[in-house]
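Chains as they are written, first to last, in my numbering: chain R, 1 to 240; chain C, 241 to 463; chain Z, 464 to 718. Read through the structure below, which is laid out as structure tokens, and then see the notes.
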Amino acid sequence: MDLHAVIESLPRYGEPLLVTIGVTVASAALALVLAFALGLMTGSRHLAVRTPARVFVEFFRGTSVVVQLFWFAFAMPVVLGIQFDYLIVAGVIALGLNYGAYSSEVVRGAIAAVPQGQLEASTALNLTPFQRMRLVVLPQAWPEMIPSLCAFAIMLLKASALVSVIGILDITWLAGLIGKQPGQDRLLHYGVVLVIYFVLAWLIWTGMRALERRAKRGLGVDAKPVKGRLDPAVAAGGVG
Amino acid sequence: MQTGWSNETVREIFPAMWDGFLVVLQVTLVAGIIAVVLGLFVAIGERGGPVWLRRPLSLAFQFIRNTPLLVQVLIVWTATSLYINPDWSAFAVGSAVLGVHYASYTSESFRAGIDAIPQGQWEAATALNLPTRRVWGAVVLPQMFRRSAAAVGNWIIAMFKEVPTLFVIGVMEMVAQARAFQGQHYTGAVEGYTIAGLLFLAASYPVAVAMRRLEIRFAKSNY
Amino acid sequence: MDKSFGALKVLDELSFRVDPGERVTLIGPSGSGKTTILRLLMTLEKVTPKADPERDGGVVWVEGQPYSHMEKRGRLVPANERWLRRRRSSVGMVFQQFNLFPNMRVLRNVTEAQVHVAGRSKEEAEAKARDLLELVGLSDKTDAYPSHLSGGQQQRVAIARALAMDPDILLLDEVTSALDPELVADVLAVLRDIADTTSITMLCVTHEMGFARDVSDRVMMFDSGRIVEQGPPEAMFSEPQEARTQDFLRAVLAE
Numbered sequence: 001m002d003l004h005a006v007i008e009s010l011p012r013y014g015e016p017l018l019v020t021i022g023v024t025v026a027s028a029a030l031a032l033v034l035a036f037a038l039g040l041m042t043g044s045r046h047l048a049v050r051t052p053a054r055v056f057v058e059f060f061r062g063t064s065v066v067v068q069l070f071w072f073a074f075a076m077p078v079v080l081g082i083q084f085d086y087l088i089v090a091g092v093i094a095l096g097l098n099y100g101a102y103s104s105e106v107v108r109g110a111i112a113a114v115p116q117g118q119l120e121a122s123t124a125l126n127l128t129p130f131q132r133m134r135l136v137v138l139p140q141a142w143p144e145m146i147p148s149l150c151a152f153a154i155m156l157l158k159a160s161a162l163v164s165v166i167g168i169l170d171i172t173w174l175a176g177l178i179g180k181q182p183g184q185d186r187l188l189h190y191g192v193v194l195v196i197y198f199v200l201a202w203l204i205w206t207g208m209r210a211l212e213r214r215a216k217r218g219l220g221v222d223a224k225p226v227k228g229r230l231d232p233a234v235a236a237g238g239v240g
Numbered sequence: 241m242q243t244g245w246s247n248e249t250v251r252e253i254f255p256a257m258w259d260g261f262l263v264v265l266q267v268t269l270v271a272g273i274i275a276v277v278l279g280l281f282v283a284i285g286e287r288g289g290p291v292w293l294r295r296p297l298s299l300a301f302q303f304i305r306n307t308p309l310l311v312q313v314l315i316v317w318t319a320t321s322l323y324i325n326p327d328w329s330a331f332a333v334g335s336a337v338l339g340v341h342y343a344s345y346t347s348e349s350f351r352a353g354i355d356a357i358p359q360g361q362w363e364a365a366t367a368l369n370l371p372t373r374r375v376w377g378a379v380v381l382p383q384m385f386r387r388s389a390a391a392v393g394n395w396i397i398a399m400f401k402e403v404p405t406l407f408v409i410g411v412m413e414m415v416a417q418a419r420a421f422q423g424q425h426y427t428g429a430v431e432g433y434t435i436a437g438l439l440f441l442a443a444s445y446p447v448a449v450a451m452r453r454l455e456i457r458f459a460k461s462n463y
Numbered sequence: 464m465d466k467s468f469g470a471l472k473v474l475d476e477l478s479f480r481v482d483p484g485e486r487v488t489l490i491g492p493s494g495s496g497k498t499t500i501l502r503l504l505m506t507l508e509k510v511t512p513k514a515d516p517e518r519d520g521g522v523v524w525v526e527g528q529p530y531s532h533m534e535k536r537g538r539l540v541p542a543n544e545r546w547l548r549r550r551r552s553s554v555g556m557v558f559q560q561f562n563l564f565p566n567m568r569v570l571r572n573v574t575e576a577q578v579h580v581a582g583r584s585k586e587e588a589e590a591k592a593r594d595l596l597e598l599v600g601l602s603d604k605t606d607a608y609p610s611h612l613s614g615g616q617q618q619r620v621a622i623a624r625a626l627a628m629d630p631d632i633l634l635l636d637e638v639t640s641a642l643d644p645e646l647v648a649d650v651l652a653v654l655r656d657i658a659d660t661t662s663i664t665m666l667c668v669t670h671e672m673g674f675a676r677d678v679s680d681r682v683m684m685f686d687s688g689r690i691v692e693q694g695p696p697e698a699m700f701s702e703p704q705e706a707r708t709q710d711f712l713r714a715v716l717a718e
């Protein structure tokens, strides 16, 4: 019986599931750091700071994440004359850089949306530019970023399935592997994997909602129920 | 073992990459039409369809939106080739899956466009006793299109950049071409993937800039 | 203390001085440049540079020292950020839109700059903040977020926030214009109180003529970036000399 075979092989998903989660979390961390660095840079008044960041962002948003994945896994080692001991590193770098570039637009936009009056009040109180950013601007911009960053985190989770095609044993590849064995139904295994991804996406979304509620409370505002949860359409396309 | 960039290899691999690029454009065209048309119907269904349909429709597309395209491609390809008709081409199946996947995004943008229409418009249409068909055709959809055009356009650009995912089922787009070339010549990774990236950049950047212009223009116009 | 402005488009060859402790009210139709003056003094705007500030003017002086400019090799040059930060500490501002920090509770709005700019200890800053919040009548709101306060309460917190930095000069930019009419009185009462009990120099842009009459030592009438007329409030309000002042006062008082 197909279903039995699937259920019996479920424990084998344990380790690959950790790989999927690990790749997602590691690239999300890289992306977040990069998003803030690039977001601050692309919002800078100084052309010399803004331009390189802008070029970086447009480059990563303008090419394809699949191509970037292959480039980092198979072209970069050749160019730099290095060898990845773990191909997973290439995967994390590619996903992290790509989603970092996309998310930086969220960071830049949220910072730019902080009202001018807040900056003027900071000047009137003689805060330094650094203090102004740390004490006034970022605490106000952060809650605004959360829903869009959440949408990108879910996209990143989905994109993490792509690491299977450069030879990393995540749940997507495992489903294909087990599915080919005799007595197994490949469709059912892919179905299992889809459900796992959906649950993970739901977890990200729930976690982010809690985070957003907390952040909004830090502004004395009750978080509005978000209706169109994921609409990072504008950021997704390209030039934002 | 390859050591670096070779102009010789570029000359050899470029025709294949160009063929791959044309395939990407063809897939984008087919999948784009599916994404826009289906997305529109889903949005209308979620807002104006029969009540029993709205929730399941919304849930189904939420599921599609929150699971990886790659797995969806694999599952549909497996299903068609094993159980339905092994003669269906990877191009057709891949384009269809990609189009449906992105319909889950465009439908959200269309729906946001519908939701942004002021309540007064619906009330005015009711007050004039317009038939439902006219309410949607003459009042709601024209306003919705202006509001969602830029967002939908951006999803199509995003979709364009995800076409290479379809190499897993053998659609001969750029990544598949680069891999095939490497299989034959044991070189070309640097050149192939770099050319692929540059072609994507050259094609998507101008469109993205145009989308931003469109967005600004629609934002400025008053309705 | 001496202030002079160069030929800005909004401020046309403007030059005036304000004495320490003086209360000056700026009146005039909107767009006449009153707010721009306050913003220049708060360094939110820059004075249009002149080739030779020594001769052509265009320099703001505060307490006998250049403010918008700094001396460099014996010449006056536009001030850099460091100089501005040093000199700005003697000036405070209250805005039309309050501009409280929404991410901080009331108490922290008042202590933040004390701690991070003036370098006071947290205890010292909080003690001072509580005193000032009592002065503006908001002792019971120290733990509230600005979004939970009325406009009038927010504006009183903003006044406390500005005073906490011990400014010599306080700039008040239409501080009651964004308030509902019934909330205006509380804010003006606080400002009257401050005017009565301190010797802070105050420059005030307002449409509240009653307040201007009671509090100010001098009223300046602006139009198109120029001073049309100035004088003590009694004279200005009872016997304005210029036709434009008469028209303006008639229009404002008719409301």
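We put the CB at the ideal spot given by N, CA and C, even for glycine. Keep in mind the model is a prediction, meaning the values are calculated, not measured.
{"query": "Exposure of residue 435 of chain C, with buried meaning 16 or more beta-carbon neighbours within 10 Å", "result": "buried"}
{"query": "C-beta contact flag for residue 335 of chain C and residue 305 of chain C at 9 Å", "result": "no"}
{"query": "Reference residue 638 of chain Z, options Z/561, Z/697, Z/550, Z/492, closest by Cα", "result": "Z/561"}
{"query": "Collapsed DSSP secondary structure at residue 170 of chain R in the structure displayed", "result": "coil"}
{"query": "Any C-beta of chain Z under 9 Å from that of residue 149 of chain R", "result": "no"}
{"query": "Residue burial classification, residue 364 of chain C (beta-carbon count within 10 angstroms, cutoff 16)", "result": "exposed"}
{"query": "Own chain, CB closer than 6 Å to residue 267 of chain C, minus 5 neighbours either side, in chain order", "result": "335, 403"}
{"query": "Rounded C-alpha distance that separates residue 318 of chain C from residue 184 of chain R", "result": "13 Å"}
{"query": "Assumed close pair residue 590 of chain Z, residue 573 of chain Z - CB separation to whole angstroms, cut-off 8 Å", "result": "Between residue 573 of chain Z and residue 590 of chain Z the Cβ distance is about 11 Å, and since that is not below 8 Å, they are no contact."}
{"query": "Identified DSSP bridge partners for residue 524 of chain Z", "result": "Z/529"}
{"query": "C-alpha gap between residue 361 of chain C and residue 715 of chain Z, whole angstroms", "result": "41 Å"}
{"query": "Contact set between residue 197 of chain R and chain C, taken where Cβ atoms lie within less than 8 Å", "result": "306, 307, 308, 311"}
{"query": "Local Cβ density within 10 Å of residue 329 of chain C, reported as buried at 16 or more and exposed below that", "result": "exposed"}
{"query": "Separation of residue 554 of chain Z from residue 579 of chain Z, as counted between CA atoms", "result": "17 Å"}
{"query": "Proximity below 9 Å, CB of residue 440 of chain C to CB of residue 400 of chain C", "result": "yes"}
{"query": "Three or more C-beta pairs below 8 Å linking the segment 134 to 144 of chain R and the segment 57 to 75 of chain R", "result": "no"}
{"query": "Cβ separation of residue 279 of chain C and residue 346 of chain C, assumed to be a contact under 8 Å, to the nearest whole Å", "result": "3 Å"}
{"query": "Chain-ordered residues of the segment 564 to 580 of chain Z with a beta carbon less than 7 Å from chain R", "result": "564, 565, 566, 575, 576, 579, 580"}
{"query": "Residues that residue 98 of chain R contacts on chain Z, provided the C-beta gap is smaller than 8 Å", "result": "By Cβ distance, chain Z contributes nothing, its closest Cβ being about 31 Å from residue 98 of chain R, past 8 Å."}
{"query": "Beta-carbon proximity list for residue 150 of chain R, same chain, < 7 Å, skipping 5 on both sides", "result": "204, 205, 208"}
{"query": "Three-state secondary structure (DSSP) of residue 561 of chain Z", "result": "coil"}
{"query": "Reference residue 286 of chain C, options C/393, C/265, C/352, closest by Cα", "result": "C/352"}
{"query": "Residues near residue 392 of chain C by beta carbon distance below 6 Å, same chain, minus five either side", "result": "346, 349"}
{"query": "Endpoints, the beta strand (DSSP E) within which residue 541 of chain Z is located", "result": "538 to 541"}
{"query": "Interface positions of the segment 604 to 620 of chain Z facing chain R (Cβ-Cβ less than 8 Å), listed along the chain", "result": "607, 608, 609, 610, 611"}
{"query": "Residues near residue 431 of chain C in its chain [Cβ-Cβ closer than 6 Å; skip 5 each side]", "result": "249, 250, 253"}
{"query": "Whole-number beta carbon distance between residue 178 of chain R and residue 9 of chain R, since they are thought to touch under 8 Å", "result": "5 Å"}
{"query": "According to DSSP, residues forming a beta bridge with residue 554 of chain Z", "result": "Z/632"}
{"query": "Which of helix, strand or coil DSSP assigns to residue 357 of chain C", "result": "coil"}
{"query": "9 Å Cβ cutoff met for residue 497 of chain Z and residue 668 of chain Z", "result": "yes"}
{"query": "Whole-number beta carbon distance between residue 576 of chain Z and residue 125 of chain R, since they are thought to touch under 8 Å", "result": "4 Å"}
{"query": "Any 3 or more C-beta pairs closer than 8 Å across the segment 86 to 101 of chain R and the segment 414 to 432 of chain C", "result": "no"}
{"query": "Beta carbon proximity, residue 131 of chain R to chain Z, threshold 9 Å", "result": "yes"}
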